[in-house]
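One structure is given here, and the rest of the page talks about it.
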Ligand code: ZN
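Residue numbers (our numbering): 36 to 337.
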């Protein structure tokens with residue numbers, strides 16, 4: 036960890052078609068935001084999260100962009116939050132904060148360990164995903180390969196998901212004693228009983244199952260994925276911006292009226308009880324689990 040130099044998060048002017056950890060390009064009225072940390076299965080460290088925020092902001096600010104596609108380079112969409120790569124940057128503060136909380140690395144009396152964790156998760160996990168969910172332009176998640184835990188948060192924050200037939204999903208964090216990832220949309224996107232099954236077992240579910248359960252809109256062969264997304268984008272970009280923006284807002288309001296936002300706030304408290312309880316029991320807020328042991332547990336069962 037000590038010798039690793041973590042690059043700064045990208046700002047809107049730094050982003051380009053080949054930049055890492057997030058690439059950005061436009062084609063006509065479509066902006067493509069691409070997770071680009073393939074060596075680490077697009078695990079989300081803070082550099083990636085803040086770079087993503089910059090990319091979404093750039094797409095929102097560009098008057099020629101009507102639709103945003105969130106996709107990924109490499110074999111997998113996202114392995115989740117970074118809990119074990121050499122570039123894990125849990126304690127790095129980025130000045131381009133979304134100002135949802137104060138600097139979570141601040142070392143004064145108000146920032147004991149548990150406060151830091153709370154501040155970080157309010158800003159970097161829950162807060163960012165909620166803001167992205169309310170981006171005033173349609174966002175399609177184009178998912179292939181693994182979409183695990185924090186990966187689900189990104190895909191769920193999008194308006195809908197188009198997946199390839201090799202995509203698979205899971206939220207296995209109950210193994211850490213934690214009741215699901217921070218952006219707790221599970222019961223809304225899966226239904227209560229499926230949500231319980233995937234949480235209680237931690238098992239992977241396939242693109243076909245996700246389609247059957249209504250979590251994704253389309254499943255296509257891997258080599259047809261981009262074309263399918265582009266075809267849907269072409270239909271959407273024919274629509275007026277106001278119609279797209281207000282339609283999105285209308286459905287999001289309905290989800291919120293169904294309690295999603297309030298439920299997330301409430302579950303976030305239990306989520307942080309879990310982190311704090313783990314910390315009190317073992318000194319580790321993740322219950323002694325890391326990326327390796329999580330993967331090993333998943334493979335043993337799956
Ligand atoms: Zn957490």
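Glycine included, C-beta positions come from ideal geometry on N, C-alpha and C.
- By the Cβ neighbour-count rule, residue 273 is exposed, with fewer than 16 other Cβ atoms within 10 Å of its own.
- Around the C-beta of residue 334, fewer than 16 other C-beta atoms lie within 10 Å, and the residue is accordingly described as exposed.
- Cβ neighbours of residue 87 within its own chain (closer than 6 Å, five residues either side excluded): 57.
- If you look at residue 60, you'll find it in the beta strand (DSSP E) that goes 57-62.
- Excluding residues up to 5 positions away in sequence, 203 lie with their Cβ nearer than 6 Å to the Cβ of residue 241 in the same chain.
- Around residue 115, the same chain offers 183, 184, 185, 186 as residues with beta carbons nearer than 6 Å, after the five sequence neighbours per side are excluded.
- In this structure, the alpha-carbon of residue 108 lies about 17 Å from that of residue 117.
- When Cβ pairs closer than 8 Å are counted between the two stretches, the segment 92-108 is seen to touch the segment 57-71, the count reaching three or more.
- Distance from the CA of residue 233 to the CA of residue 276, rounded to the nearest whole angstrom, comes to 37 Å.
- In the structure shown, the three-state DSSP call for residue 216 is coil.
- Between the alpha carbons of residue 95 and residue 317 lies a distance of about 43 Å.
- Contact between the segment 253-265 and the segment 213-228 is absent: fewer than three C-beta pairs spanning the two stretches fall below 8 Å.
- In terms of side-chain proximity, the C-beta atom of residue 217 is found nearer than 8 Å to a non-hydrogen atom of the ligand ZN.
- Straight-line spacing of the CA atoms in residue 66 and residue 330 works out to 33 Å.
- In terms of Cβ geometry, residue 153 and residue 93 do not form a close pair [threshold 9 Å].
- Cα atoms of residue 84 and residue 247: separation of roughly 30 Å, rounded to the nearest angstrom.
- When the alpha-carbon of residue 262 is set against those of 198, 156, 251, the nearest one is in 198.
- A contact between stretches requires three or more CB pairs, one per stretch, nearer than 8 Å, and the segment 208-215 meets this requirement with the segment 302-313.
- Of the candidates 302, 112, 190, 250, 112 places its Cα closest to the Cα of residue 77.
- In terms of side-chain proximity, the C-beta atom of residue 183 is found no nearer than 8 Å to any non-hydrogen atom of the ligand ZN.
- Only buried fits residue 208, as 16 or more other CB atoms lie within 10 angstroms of its CB.
- Here residue 82 carries a helix assignment [DSSP, helix/strand/coil].
- Excluding residues up to 5 positions away in sequence, 219 lie with their Cβ nearer than 6 Å to the Cβ of residue 302 in the same chain.
- When the Cα atoms are used, residue 322 and residue 328 turn out to be separated by approximately 11 Å.
- Of the other Cβ atoms in all chains shown, fewer than 16 fall within 10 Å of the Cβ of residue 53; this residue is therefore exposed.
- Counting along the chain, the unbroken beta strand (DSSP E) around residue 69 starts and ends at 65-70.
- Counting along the chain, residue 177 sits inside the beta strand (DSSP E) bounded by residues 174-178.
- Following the DSSP letters along the chain, one finds residue 246 inside the alpha helix (DSSP H) bounded by residues 242-247.
- Residue 107 is bridged by DSSP to 70.
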